[in-house]
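So the number in our numbering is just where the residue sits in the sequence shown, counting from 1, plus 10.
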Amino acid sequence: MSADVSARTVRQAEGLDPVRALQRVLYRSAKQNRTRRFHALFDKVTRSDVMWQAWVDVAANRGAPGVDGVTIAELADGGVETVRAFLDGIVDQLRAGTYRPSPLRRVQIPKPGKPDEFRPLGIPTVADRVVMTATKIVLEPVFEADFSPVSFGFRPKRSAHQALEAVRQAANQGRLWVLDADIKACFDNIDHEALMGQVERRIVDRQMLKLLRSWLRVGVFEGGVVSEVEVGTPQGSPISPLLANIALHVLDEAWECDGRRMGVLVRYADDRAPRTQGEIDVEGRNRRAVLCQRWRWALRDRPAGGGPKPPQAASVKSRGGERCGNGVPLSASGVSREGERKRTIR
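This is how it looks when you write it as C-alpha cells:
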C-alpha cells in the first residue's frame, strides 16, 4: 500500500487535511520500523497540496527577498492565480530536473545583547524557500520519529519553555550543577558529508538527496561576489534547523548510550545543559562528552566546551578544550548557597 493510499485512509478516519495525513503516515511508518529507509519521497514534495502549504508557511513567516529581489508581497498581491502559477512553475522545474537554487543573499544582523557582534544570515529566494519548506514538510516526520525527547529546539510542538521545565525538574531531583555549553558557529561548521551520512540512514531517494546537497553547496552572494560554501547549513533557510537537528542527533544517541549515568541532558539546538548531582569530576564528565567519537565525527572536530556551572550563572560558549565556568550553586528551591567556585576545563 502506498503512502498516498494510507494517507487517504488516515484522513478519512481521523478527519485530517491531506498534508497532515501524509505526515502522520510517514511518522508512523518511521516509528514502527526504526531501520526503514524511504525511497519515494521526492514526488511528495511536488504535490500541489504540499507546495501550497509550503507557500502558506513561507508567506506567514514573511522575510526579506533573495538575490532575485522577488518579494512575498508582490506574489500575494497578484492573487491566488498568480501564486498558483508561481508554484506550478517551480513544480515543473523540479519534475523536469531543471531546478537549481539561487545563491543566498548574505546579510549581517546584530546579536541580541551584543551590539558589536553579528550573526550571518543567508537569505534564499522566495522560490527556494517554498521548495525547502515543502521538503521539510515531507522529511520532518521521518526524522521526528527518531529524535530524542531530550531535544527541544526547532521541533514541532516543542519549545524553550519545555526545555526550561526539564531543567527545573532535574533541579528538583537534586541535580544542582549544570554543565552549560554550546557549539561555536554550529550552523556554519557542520560537515556536509557527515550530515548527509546521517540523512542517508533514513533516506535513499536519489532526487531528494540531490536536492539537499544542492542547498548545502549553493554559494553566498555578498558584495557583488558569489562565494562557494564547503561546510555549514546557512542560517536563514527553512531547511537548516531540521538539518542541524539531524546532525546533532548523534550527540543525543551518544548520550543515551554512554552519558546517562553522568547526568540529565537537555538540548536546545546546539545549546546543551547536562545536569549532575554534584560538582565532583564535572571536568572528567565534560571531557567524555566532548570527546565522544560519534559526535566529533558528525561535527568534524567542532566539540563543545564548558564548565561546572550552577543554574543561574552566565552561559559558557567555548571553542572546546579549555574554558572556565563561574557561579554560585543553588538549591532546588532557588536559594543561593554561600561560596563561589571557579574551575578550569583541561
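For each residue, glycine too, the CB sits at the ideal point set by N, CA and C. Given the structure is predicted, the values throughout are model-derived calculations rather than measurements.
Separation of Leu261 from Arg298, as counted between CA atoms: For the purposes of this step, residue 298 is identified with residue 288 of the sequence shown, where counting begins at 1. For the purposes of this step, residue 261 is identified with residue 251 of the sequence shown, where counting begins at 1. Note that Arg298 scores 43 on pLDDT, short of 50, meaning its location in the model is unreliable and no value can be drawn from it.
Using a 10 Å radius around the Cβ and a threshold of 16 neighbouring Cβ atoms, would you call Glu154 buried or exposed? Taking the sequence shown and counting its residues from 1, one reaches residue 154 at position 144. Result: buried.
Rounded C-alpha distance that separates Asn182 from Ala170: Stepping through the sequence shown from its first residue, residue 182 is reached at position 172. Stepping through the sequence shown from its first residue, residue 170 is reached at position 160. Looking at the two C-alpha atoms, the distance is approximately 18 Å.
With a cut-off of 8 Å on the beta carbons, I'd call Asn255 and Phe164 a contact; round off their distance for me. Looking up residue 255 in the sequence shown gives position 245. Looking up residue 164 in the sequence shown gives position 154. Between Phe164 and Asn255 the Cβ distance is about 6 Å, and since that is below 8 Å, they are a contact.
If His259 sits next to Phe96, beta carbons under 8 Å apart, how far is it from one beta carbon to the other, in whole angstroms? The residue given as residue 259 occupies position 249 in the sequence shown. The residue given as residue 96 occupies position 86 in the sequence shown. Not quite, the Cβ-Cβ distance comes to about 34 Å (not below 8 Å), so this is no contact.
From the DSSP output, which residues share a beta bridge with Gly132? On the sequence shown, residue 132 is found 122 positions in, with the first residue counted as 1. DSSP, once it has assigned bridges, lists Arg116 as partnering Gly132.
Skipping 5 residues on each side, what residues in its chain have a beta carbon closer than 7 Å to that of Val77? In the sequence shown, residue 77 corresponds to position 67, counting from 1. Same-chain partners within the cutoff: Ser112, Pro113, Arg115, Thr135, Phe231.
Where does the unbroken beta strand (DSSP E) through Leu186 begin, and where does it stop? Mapped onto the sequence shown, residue 186 falls at position 176. Counting along the chain, Leu186 falls outside any beta strand (DSSP E), and DSSP gives it neither H nor E.
Along the chain, where does the alpha helix (DSSP H) containing Glu263 start, and where does it finish? On the sequence shown, position 253 is the one that residue 263 refers to. It spans 250 to 264 - the alpha helix (DSSP H) in which Glu263 sits, taken as one unbroken run.
Grouping DSSP H, G and I as helix and E and B as strand, with all else coil, what is Pro75? Counting from one through the sequence shown, the residue named residue 75 turns up at place 65. Coil.
Classify Thr143: buried if its beta carbon has 16 or more other beta carbons within 10 angstroms, exposed otherwise. For the purposes of this step, residue 143 is taken as residue 133 along the sequence shown, with counting starting at 1. Thr143 is buried by the Cβ-count criterion.
From what residue to what residue does the beta strand (DSSP E) around Val230 run? Here the question's residue 230 lines up with position 220 in the sequence shown. It spans 230 to 232 - the beta strand (DSSP E) in which Val230 sits, taken as one unbroken run.
Between the stretch 246 to 255 and the stretch 123 to 138, do three or more beta carbon pairs fall short of 8 Å? yes
DSSP state of Tyr278 mapped onto helix, strand, coil: As a working mapping, residue 278 is identified with position 268 in the sequence shown. Strand at Tyr278.
Throw me the rounded Cβ distance for the His49 and Val214 pair, which I believe falls under 8 Å. Against the sequence shown, residue 49 aligns to sequence position 39. Against the sequence shown, residue 214 aligns to sequence position 204. With 8 Å as the limit, His49 and Val214 qualify as a contact, their Cβ atoms being about 5 Å apart.
Could you check where the alpha helix (DSSP H) with Ser224 kicks off and where it finishes? Along the sequence shown, read from residue 1 onward, the residue named residue 224 stands at position 214. 216 to 227 is the extent of the alpha helix (DSSP H) around Ser224.
Counting only the same chain and skipping the five closest in sequence on each side, list residues whose C-beta sits under 6 Å from that of His202. Taking the first residue of the sequence shown as 1, we reach residue 202 at position 192. Excluding sequence neighbours, His202 sits near Leu226.
Supposed contact pair Trp65 and Val140 - C-beta distance, whole angstroms, cut 8 Å: Taking the first residue of the sequence shown as 1, we reach residue 140 at position 130. Taking the first residue of the sequence shown as 1, we reach residue 65 at position 55. With 8 Å as the limit, Val140 and Trp65 qualify as a contact, their Cβ atoms being about 6 Å apart.
Going by C-alpha to C-alpha distance, which of Arg178, Val80, Pro28, Gly229 sits closest to Ala61? Along the sequence shown, read from residue 1 onward, the residue named residue 61 stands at position 51. For the sequence presented, residue 61 should be read as Met rather than Ala. Per the Cα distances, Pro28.
Limits of the beta strand (DSSP E) - the one that Val101 falls within: As a position in the sequence shown, residue 101 is number 91, starting the count at 1. Looking at the DSSP string, Val101 is not in any beta strand (DSSP E); the run it does join, the alpha helix (DSSP H), is 90 to 106.
Tyr368 to Ile119 span [Cα, whole Å]: Absent from the structure is residue 368, since the part of the chain shown begins at 11 and ends at 356.
So, Lys220 versus Val148, is the Cβ gap smaller than 7 Å? Numbered from 1 along the sequence shown, position 210 holds the residue referred to as residue 220. Numbered from 1 along the sequence shown, position 138 holds the residue referred to as residue 148. Going by C-beta atoms, Lys220 is not nearer than 7 Å to Val148.
Quick one: give me the first and last residue of the beta strand (DSSP E) that Ser237 is part of. Within the sequence shown, numbered from 1, the residue matching residue 237 stands at position 227. Unbroken beta strand (DSSP E) run through Ser237: 235 to 237.
Coil, strand or helix - Phe164 by DSSP: What you label residue 164 is simply residue 154 of the sequence shown in a count that begins at 1. For Phe164, the three-state secondary structure derived from DSSP is coil.
Helix or strand or just coil, what does DSSP make of Glu127? Counting from one through the sequence shown, the residue named residue 127 turns up at place 117. Note: Glu127 maps to strand in three-state DSSP.
Just mark Gly233 as buried or exposed, buried being the case when its beta carbon has 16 or more other beta carbons within 10 Å. Taking the sequence shown and counting its residues from 1, the one referred to as residue 233 is at position 223. Exposed is the call here.
Given a cut-off of 7 Å, decide if Arg105 and Thr145 are closer than it, judged by their beta-carbon atoms. The residue given as residue 145 occupies position 135 in the sequence shown. The residue given as residue 105 occupies position 95 in the sequence shown. No, they are not a contact pair.
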